[in-house]
Ligand code: SF4
């Protein structure tokens with residue numbers, strides 16, 4: 027499987043080249059070419075591997091293993107150095123603990139554990155690889171004009187774009203590493219590389235806030251990392267295997283402890299409560315970083331690991347508690363999203379919420395749940411990256427990321443506005459992708475034992491979701507008081523990436539039956555021997571709805587003519603075109619519209635704190651469940 | 027066709043009336059007079075209304091408002107001036123601030139004098155307004171057809 | 598799935614729904630000691646609206662309202678064709694979001710507030726509707742409406758909590774007091790006319806027709822609880838609707854906060870009790 031190696035190494039090579047080049051159109055083109063190559067390679071992977079099931083790849087452990095251990099130590103030293111520089115004690119301690127444990131494992135147990143297949147690819151990895159390869163590279167291309175504008179508008183931030191793109195591509199490589207590693211020690215190495223990339227990129231602007239938030243992200247992810255090393259050590263002490271496929275195949279009796287520990291790591295990585303704060307903090311990073319790391323790929327690595335272990339977790343106490351953490355996170359994060367007016371924070375909370383749903387599915391771990399989980403991952407990655415990039419482009423023109431400042435975006439930036447509408451619709455509305463996932467998730471929950479609690483969580487959570495998305499969509503389509511066209515200032519390549527991803531949102535929904543048939547059903551069947559599917563009638567209904575959604579906008583052509591334009595009703599007050607009217611005492615006022623934020627219902631602090639309390643309890647129970655389950659087994 | 031006559035929705039605006047006529051308008055909605063028998067609904071929204079029922083006289087404060095409400099009603103529409111104030115300014119006609127009846131600002135189709143108008147008169151007036159409304163609808167329909175063929 | 602039923606719904610539901618609305622208005626008038634309008638009044642109203650000129654505030658508002666009508670009709674059609682209940686619920690959510698977007702697009706302070714309040718309504722009743730669909734699934738083992746309808750035992754016995762909860766939100770779905778917080782019918786006004794403030798003429802007519810479709814769909818949903826015996830079902834559904842008219846006339850509108858809180862509380866308690874009991878006793 028040379029293509030796996032290619033996907034691992036190509037971004038690395040690109041990264042090194044990019045690091046060598048100064049700010050120059052040549053580097054911009056190199057980014058674009060590298061992106062196309064990586065995307066093409068991931069499609070090639072799909073074309074060659076989709077019908078082959080799980081393929082384990084024999085890849086020599088030596089010397090790659092040693093190199094990784096060496097690099098891990100370097101990373102730890104870097105973290106310690108940074109911690110020393112910014113006087114942060116906790117990351118230093120955590121890095122020391124983690125590296126100490128890792129070295130203990132590497133020196134004490136790893137030599138005795140022979141991993142035959144270090145790499146692998148199956149349908150789920152292909153899905154992840156496509157997300158990383160296509161969405162990830164699209165975001166890199168988007169980052170080129172974004173970062174240029176970013177530095178024009180923020181002269182106070184030192185221009186480290188060389189390092190920026192270097193890290194971005196290293197990150198892509200590490201993500202491919204995560205989804206192709208069959209050796210858990212390797213997986214962990216790539217995992218830590220992504221943590222480091224995230225740390226570096228969050229702190230990009232070097233403001234105090236950025237530095238603090240980057241350390242917060244680092245600390246919480248290191249805590250998770252310790253869980254991961256714990257799993258490795260436990261495996262070294264008791265099992266003698268660190269191959270993912272064997273572990274998952276061995277079932278709960280053998281793999282429940284590492285599965286739980288790795289799930290714990292996954293919870294931190296995918297920013298579930300109580301660890302969500304780091305993802306919110308990470309929003310200080312430049313928007314392409316949020317789009318790439320903090321919504322469509324890196325945080326997905328966390329749920330990827332949990333979903334991988336779903337067959338092990340299924341039906342166990344720890345599994346149920348992992349799932350509940352996800353479910354509670356979904357509800358709490360959705361509710362908090364209602365109260366946020368900062369667009370990136372809304373997106374962040376919604377990301378946390380959706381990952382929660384995936385975690386809930388994975389914790390339940392039945393065949394339907396896993397199917398639903400992968401669907402959620404796909405559709406969320408596409409729609410959310412579009413939204414992040416949209417917000418980024420808007421922010422550069424409107425100079426605000428407040429949702430209220432996006433009033434009338436369809437008039438002021440028609441294309442970006444419509445694409446954001448597509449993205450939002452993709453997040454929660456029929457007939458686009460997320461709805462199929464929600465359908466699948468609901469089914470999976472109901473069929474699962476004890477699923478009613480999950481059912482309640484998702485029923486209320488998704489109702490709240492509808493509220494915050496719809497009101498945002500509403501703000502975008504209102505008639506603005508000042509309808510000034512500002513779209514022509516958006517760089518062409520930003521617009522084309524947005525257009526591409528918007529197209530992908532729709533295409534993914536249309537192609538979904540095929541994706542399900544070719545990738546998801548075989549994957550689920552291979553593990554469970556059962557197939558989950560949407561059913562033919564439902565596919566037809568969905569396609570009918572898609573058809574209607576695509577055709578109905580044509581009615582706009584009809585409605586365009588022969589209409590009598592009236593002014594909005596202002597209680598009879600004569601109002602000017604830019605919505606000024608004379609109020610009491612003849613004072614001129616401007617009409618202002620403002621969304622409901624329901625702060626006294628779902629206030630951020632209160633809800634967050636409640637969520638933390640509940641989820642901490644659930645995590646404690648999760649580990650406690652391990653002992654109960656261990657005793658039973 | 028011609029459902030226009032069967033479903034007249036009104037908007038009621040109180041220009042500067044003494045409230046006497048307005049009380050009578052509301053009386054029409056009560057069980058005793060029950061104008062909903064005729065499909066009449068008090069919508070409170072010019073966008074939904076067919077008949078502009080207006081009481082009181084015109085002054086500097088309300089002339090723009092009257093005009094604005096009238097402008098926001100979709101065609102076909104009629105205006106019924108309720109009470110002598112709305113018809114001509116009534117007892118307030120000579121006041122320094124009063125400009126006269128509603129026809130100073132908008133075209134009035136039906137004048138319903140009285141101080142205050144009695145509910146029976148109001149209903150009678152609205153029924154007369156329906157005739158005008160129907161006429162306007164027919165004219166509009168013809169006009170529209172003409173446009174299509176042209 | 599039965600396409601014939603879907604077509605029958607698309608054709609007949611507006612007639613039935615309009616008639617129900619007419620009877621509703623007549624009965625309401627009687628309850629208030631009035632004579633009331635003719636039973637066919639809703640049809641006259643819509644006919645009138647179609648005769649009005651095409652007046653708009655924003656072009657896109659008509660598109661959203663048209664799409665609203667299409668998807669309401671569509672979700673009802675899936676329902677009566679015996680399709681997947683969850684998809685019906687989702688299509689319905691889409692429809693209502695489209696209505697809300699239409700109100701946003703029109704952009705007056707009143708339609709804006711109406712839109713926000715319609716969203717609050719959506720948020721209030723959505724959990725109950727989803728849980729009801731789940732309840733049917735747990736009781737009958739299928740989301741397919743045709744299979745639920747063919748279930749041999751009375752579902753009302755298995756799902757009493759769901760039934761009461763759904764009845765509680767029905768008031769809101771039918772836009773009746775005390776929960777008509779987004780817009781209201783006829784002489785009731787709600788912050789001018791809430792969501793529909795800026796819709797006039799045929800656009801408003803589409804909203805009305807969509808409401809008729811939805812009424813028939815909702816009654817169909819309640820039918821499922823009694824589907825084992827069509828006679829009882831007709832009587833039960835009729836009684837339910839009468840009860841709604843009575844509640845409409847006997848109560849005053851509440852604040853949205855209370856509406857949301859009480860509906861969520863009712864939803865949570867009743868459906869949780871019902872579903873847990875159902876799962877525990879394993880569907881009798
Ligand atoms: S006509 Fe008479 S009752 Fe009516 S508003 Fe004028 S003064 Fe008052």
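Protein chains in written order, with my numbering: chain F, 27 to 659; chain E, 27 to 176; chain V, 598 to 881.
Glycine included, every Cβ here is placed at the ideal spot set by N, Cα and C.
The model shown is predicted, which means the values in this text are computed figures rather than measured ones.
Check whether the Cβ of residue i sits closer than 7 Å to any heavy atom of ligand 1, and report yes or no.
i              : result
residue 67(E)  : no
residue 142(E) : yes
residue 221(E) : Within the shown structure, residues of chain E are numbered from 27 to 176, placing residue 221(E) beyond reach of any answer.
residue 116(E) : yes
residue 110(E) : yes
residue 43(E)  : yes
residue 82(E)  : yes
residue 121(E) : no
residue 46(E)  : yes
Find the residues of chain F that neighbour residue i, judging by a C-beta separation of less than 7 Å, and give them in chain order.
i             : result
residue 90(E) : 600
residue 72(E) : 595
If distances are taken between C-alpha atoms only, which option among the options comes closest to residue i?
i              : options                           : result
residue 598(F) : 88(E), 102(E), 159(E) and 146(E)  : 88(E)
residue 542(V) : 760(V), 636(V) and 627(V)         : No answer is possible for residue 542(V): the residues shown for chain V start at 598 and end at 881.
residue 451(F) : 331(F), 67(F), 410(F) and 151(F)  : 410(F)
residue 47(F)  : 476(F), 130(F), 191(F) and 594(F) : 191(F)
residue 247(F) : 654(F), 338(F) and 124(F)         : 124(F)
residue 268(F) : 306(F), 121(F) and 145(F)         : 145(F)
residue 137(E) : 81(E), 54(E), 98(E) and 35(E)     : 81(E)
residue 182(F) : 152(F), 232(F), 632(F) and 284(F) : 232(F)
residue 627(F) : 778(V), 603(V) and 717(V)         : 717(V)
residue 45(F)  : 304(F), 629(F), 257(F) and 189(F) : 189(F)
residue 542(F) : 578(F), 401(F), 211(F) and 343(F) : 401(F)
residue 42(E)  : 162(E), 159(E), 59(E) and 111(E)  : 111(E)
residue 33(F)  : 51(F), 55(F) and 70(F)            : 70(F)
I want to verify the contact list: residues of chain E whose CB lies under 8 Å from the CB of residue i, in sequence order.
i              : result
residue 798(V) : 100
residue 794(V) : 71 and 73
What in chain F is Cβ-close to residue i, meaning under 8 Å?
i              : result
residue 600(V) : The premise fails here: residue 600(V) is roughly 11 Å from chain F at the closest Cβ pair, so nothing lies under 8 Å.
residue 95(E)  : 598
Residues of chain V with CB closer than 8 Å to the CB of residue i, please, in chain order.
i              : result
residue 60(E)  : 626, 631, 632 and 633
residue 586(F) : 656
Checking the sheet assignment: what are the DSSP bridge partners for residue i?
i              : result
residue 768(V) : Beta-bridge pairing links residue 768(V) to no other residue.
residue 126(E) : 84(E)
residue 652(V) : 590(F)
residue 81(F)  : 147(F)
residue 108(E) : 81(E) and 138(E)
residue 607(F) : 601(F) and 615(F)
Strictly below 9 Å CB to CB, what residues from chain F border residue i?
i              : result
residue 132(E) : Ordered by position in chain F, no residue passes the 9 Å Cβ test against residue 132(E), which lies about 12 Å from the chain.
Which chain V residues are close to residue i, counting only those with a beta carbon under 9 Å from its beta carbon?
i             : result
residue 65(E) : 634, 635, 638, 641, 642 and 645
residue 39(E) : By Cβ distance, chain V contributes nothing, its closest Cβ being about 13 Å from residue 39(E), past 9 Å.
Note down, in chain order, every chain E residue with its Cβ under 9 Å from the Cβ of residue i.
i              : result
residue 606(F) : By Cβ distance, chain E contributes nothing, its closest Cβ being about 14 Å from residue 606(F), past 9 Å.
residue 592(F) : 72, 73, 97, 98, 99 and 100
| message | Count Cβ pairs between the segment 505-525 of chain F and the segment 716-733 of chain V that sit closer than 8 Å; are there 3 or more? | response | no
| request: Taking 8 Å as the threshold, find out whether the segment 147-164 of chain F comes into contact with the segment 282-292 of chain F through three or more Cβ pairs. | output: no
| Should the segment 62-71 of chain E be called in touch with the segment 784-797 of chain V, which here means at least 3 C-beta pairs below 8 Å? | yes
| query | Looking at C-beta atoms only, is the number of pairs between the segment 129-140 of chain F and the segment 477-487 of chain F that lie closer than 8 Å three or more? | reply | no
| query | Quick one: any contact between the segment 442-459 of chain F and the segment 492-501 of chain F, if contact means 3 or more CB pairs under 8 Å? | reply | yes
| request: Mind the definition here: the segment 318-328 of chain F touches the segment 429-449 of chain F only if three or more C-beta pairs lie below 8 Å; say whether that holds. | output: no
| task | Could you tell me whether the segment 52-61 of chain E touches the segment 652-660 of chain V, where touching means 3 or more Cβ pairs closer than 8 Å? | result | no
| said: Taking 8 Å as the cut-off, does the segment 835-843 of chain V touch the segment 461-471 of chain F (at least 3 CB pairs, one atom from each stretch)? | reply: no
| message | Within 8 Å, do at least three Cβ pairs link the segment 352-372 of chain F to the segment 417-427 of chain F? | response | yes
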